[in-house]
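Structure first, then comments.
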Amino acid sequence: MNLSSALFTSRVSCASVYQTASVAALCCPACGFPQEDNRQVLQPCKHLACVYDQEAAQFTFKSDDFKQRLAASKTSLSDELDGRTLSKLGYSDEMLALDLTRAGCWSRELFAFDFGIS
Ligand SMILES: [Zn+2]
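For the sequence shown, our numbering gives the first residue as 5, with consecutive numbering after it.
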């Protein structure tokens, strides 16, 4: 039995999302606000905690709260971001992570929404 998996039981839900229309913006599941304008510039709502480019293995957006959690946790990210890593940052079932693939696009981005922010 792997002890670390017992300590960090993931409660952050992760869902894969595939968008056939590559220009359509991902909408926040909490407030419905599109996260990009029509030029695909990121327009984060208050629920968006981070956006992570899975291929480049780097963040393209971090909320202030997320930055603080990342700094405090000393979690190093050298690979894909997933629900388990988000759980290590103290997030649980109030977070929904959407692993987004767009049609005609090789990259995958993870959008993490924090429903605990009201
Ligand atoms: Zn929102």
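We treat Cβ as the ideally placed atom computed from N, Cα and C, and that holds for glycine.
Proximity below 8 Å, CB of residue 93 to CB of residue 82: Here residue 93 corresponds to residue number 89 of the sequence shown, with the count starting at 1. Here residue 82 corresponds to residue number 78 of the sequence shown, with the count starting at 1. Going by C-beta atoms, residue 93 is not nearer than 8 Å to residue 82.
Paired residues, beta bridge with residue 52 - DSSP: Here residue 52 refers to the residue found at position 48 when the sequence shown is read from its first residue. Partner(s): 117.
Euclidean distance between Cα positions of residue 123 and residue 116: The structure shown does not extend to residue 123, since the chain is modelled only from 5 through 122, so no value can be given for it.
Reference residue 60; option with closest CA among 118, 119, 121, 114: Here residue 60 corresponds to residue number 56 of the sequence shown, with the count starting at 1. Here the closest residue by C-alpha is 114.
Any non-hydrogen atom of ligand 1 closer than 7 Å to residue 101 Cβ: Working through the sequence shown from its first residue, we reach residue 101 at position 97. It does not: the Cβ of residue 101 is nowhere closer than 7 Å to a heavy atom of ligand 1.
Close-in-space but distant-in-sequence residues of the same chain around residue 29 (CB under 7 Å, 5 per side omitted): Locating residue 29 in the sequence shown gives position 25, counting from the first residue. Taken in chain order, the residues that qualify are 38, 39, 40.
Cβ shell of residue 10 (< 7 Å), same chain only, five flanking positions each side left out: Here the question's residue 10 lines up with position 6 in the sequence shown. Note that residue 10 scores a pLDDT of 49, beneath 50, so its modelled location is shaky and nothing firm can be said.
Distance between residue 70 and residue 54 (C-alpha atoms, nearest Å): Along the sequence shown, read from residue 1 onward, the residue named residue 54 stands at position 50. Along the sequence shown, read from residue 1 onward, the residue named residue 70 stands at position 66. Straight-line Cα distance between these residues: approximately 7 Å.
6 Å CB neighbourhood of residue 102 in its chain, flanking five on each side removed: Here residue 102 is taken as the residue at index 98 of the sequence shown, counted from 1. Counting only Cβ-Cβ distances below 6 Å, and skipping sequence neighbours, we find 19, 21, 115.
Alpha carbon of residue 85 to alpha carbon of residue 58, nearest angstrom: Against the sequence shown, residue 85 aligns to sequence position 81. Against the sequence shown, residue 58 aligns to sequence position 54. Computed Cα separation, rounded: 7 Å.
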